[in-house]
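Undergrad: Mind looking over this structure? Questions follow.
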Amino acid sequence: MSSCTPWVVSREAATAAAENFVADHLALARAADRHLDPHRQLLCPEGLDAALFPNYDEALSWSARNSGVLAAAARTAHELDLHEQTWQLCDALGTTARLLLDMQLWCITGELGVSSAARCGSAPHALMLTRLGSCHRRIGDLDQAEKSLLRAEALWKQTQDRVGLAWARAQLGQLFLGRGDATLASAQLGRALDGFADVGLDRGVWMVHRRLGEVALMVGDRTKARSYLEGAVSWFDDQGDHYQVVRTSMSLARAHAETGHRDQAFGVLTHAEETARTQGLIAHAEQVQALAAALTAGGIGALRQPSVFEQVGRS
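With full-length UniProt numbering, the residue at position 22 of the sequence shown is 22, and numbering never jumps.
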């Protein structure tokens with residue numbers, strides 16, 4: 001008969017271990033996020049140690065391998081009422097989910113993040129509502145996206161955060177673009193553009209230029225579309241904002257094709273696919289490849305089919 005005493009872990013020790021698990025993974029997730037999207041607005045920049053990862057590739061590889069563990073850490077934090085840590089983990093996970101096109105991960109952590117952020121103040125709540133609205137828009141749930149984004153807009157007004165307010169309005173513009181409403185899309189994008197210009201946020205200005213190019217494309221003003229989109233791709237390329245280069249290039253390729261510049265369209269798509277693969281954005285590279293194949297097989301008309309081009313309006 002064994003004489004070993006059963007090992008019993010106290011509730012306090014178990015809680016401390018869980019809190020350490022959350023803290024360790026939050027530090028890594030935030031560090032990875034700074035590599036994956038260094039241009040993105042953050043509410044919690046203090047204490048970030050991006051040097052935990054040597055480069056973008058290592059950060060993306062680690063985040064992809066550990067996305068499930070990070071989601072578990074976020075759930076654990078929420079159950080322990082560590083709501084500040086929960087929304088920050090979910091915020092970082094949103095970047096990983098967007099790059100991997102893992103919409104289930106993005107939606108689940110977005111909803112969890114909103115739930116915790118609501119207990120941490122208006123600014124975190126608004127930020128996570130904006131992120132969740134973007135997720136719902138990407139999956140085509142535009143009614144739910146609108147609810148989230150309108151709540152975010154109201155909270156950004158309350159906090160008097162002009163940058164956050166401009167981002168929410170830019171997202172609303174994209175939502176109306178997805179609905180095919182050029183008038184409402186242009187109105188919201190115009191308000192966003194004014195907001196970004198007022199605070200001197202160049203990235204925001206060029207993000208809106210991208211969307212205005214897509215509105216112009218939707219209404220058939222292809223010359224204006226090319227002007228907006230060429231400028232945006234060039235700016236994003238200069239800034240090393242590879243994700244935006246890839247996504248904007250998909251719209252620019254269509255603008256080139258519809259103005260008879262087929263070779264330029266293929267050139268843009270080739271550069272976009274190479275950029276996506278270099279950055280480890282395999283799902284995005286496959287979308288670009290599918291767009292090029294559609295152009296090869298069916299010409300300009302194929303690019304107008306929703307089944308081929310639907311992701312551009314949601315990206």
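Beta carbons are placed, not taken as given, at the ideal position from N, Cα and C, and that holds for glycine.
With DSSP collapsed to three states, give me the class of Gly200.
TA: Numbered from 1 along the sequence shown, position 200 holds the residue referred to as residue 200. DSSP places Gly200 in coil when its eight states are reduced to three.
Undergrad: At a cut of 8 angstroms, does the stretch 185-201 reach the stretch 147-157 through at least three beta carbon pairs?
TA: No, the stretch 185-201 does not touch the stretch 147-157.
Undergrad: Mind the definition here: the stretch 26-38 touches the stretch 52-65 only if three or more C-beta pairs lie below 8 angstroms; say whether that holds.
TA: With the cut-off at 8 angstroms, the stretch 26-38 and the stretch 52-65 touch.
Undergrad: How about Gln41 and Val205: do their beta carbons lie closer than 8 angstroms?
TA: Along the sequence shown, read from residue 1 onward, the residue named residue 41 stands at position 41. Along the sequence shown, read from residue 1 onward, the residue named residue 205 stands at position 205. No. Outside cutoff.
Undergrad: Cα separation between Phe53 and Gly280?
TA: Residue mapping note: residue 53 aligns to position 53 of the sequence shown, counting from 1. Residue mapping note: residue 280 aligns to position 280 of the sequence shown, counting from 1. Going from the Cα of Phe53 to the Cα of Gly280 covers about 16 angstroms.
Undergrad: For Leu217, which residues from the same chain have a beta carbon less than 7 angstroms from its beta carbon, with the 5 sequence-adjacent residues on both sides left out?
TA: Sequence index remark: in the sequence shown, residue 217 carries index 217 (1-based). The answer, listed in chain order, is Ala225, Ser251, Arg254, Ala255.
Undergrad: Put Met277 into one of helix, strand or coil per three-state DSSP.
TA: Counted from its first residue, the sequence shown places residue 277 at position 277. One detail in the question is off: residue 277 reads as Arg in this sequence, not Met. Arg277: helix per DSSP, three-state reduction.
Undergrad: For a minimum of 4 consecutive residues, which ranges assigned as the alpha helix (DSSP H) are wholly contained in the stretch 211-293?
TA: For the stretch 211-293, whole alpha helix (DSSP H) runs of length 4 or above, ordered along the chain, are 222-239, 242-258, 262-278.
Undergrad: Which same chain residues end up closer than 6 angstroms to Ala118 when comparing Cβ atoms and leaving out the 5 residues on each side of it in sequence?
TA: Translated into positions along the sequence shown, residue 118 becomes position 118. Once the five neighbours on either side are set aside, the close Cβ partners of Ala118 are His125.
Undergrad: Suppose the cutoff is 8 angstroms on Cβ atoms and the five residues either side in sequence are ignored; what does the same chain contact list for Arg222 look like?
TA: If you number the sequence shown from 1, residue 222 lands on position 222. Closer than 8 angstroms at the Cβ level, and outside the excluded window around Arg222, lie Ala216, Ala255, Glu258, Thr259.
Undergrad: Beta-carbon within less than 8 angstroms of Thr270's beta-carbon, same chain only, minus the 5 sequence neighbours each way: which residues are those?
TA: Your numbering for residue 270 matches position 270 in the sequence shown. Excluding positions up to five away in sequence, the list reads Ala292.
Undergrad: Between Ala232 and Arg210, is the Cβ-Cβ spacing less than 8 angstroms?
TA: As a working note, residue 232 is residue 232 in the sequence shown. As a working note, residue 210 is residue 210 in the sequence shown. Closer than 8 angstroms, so yes.
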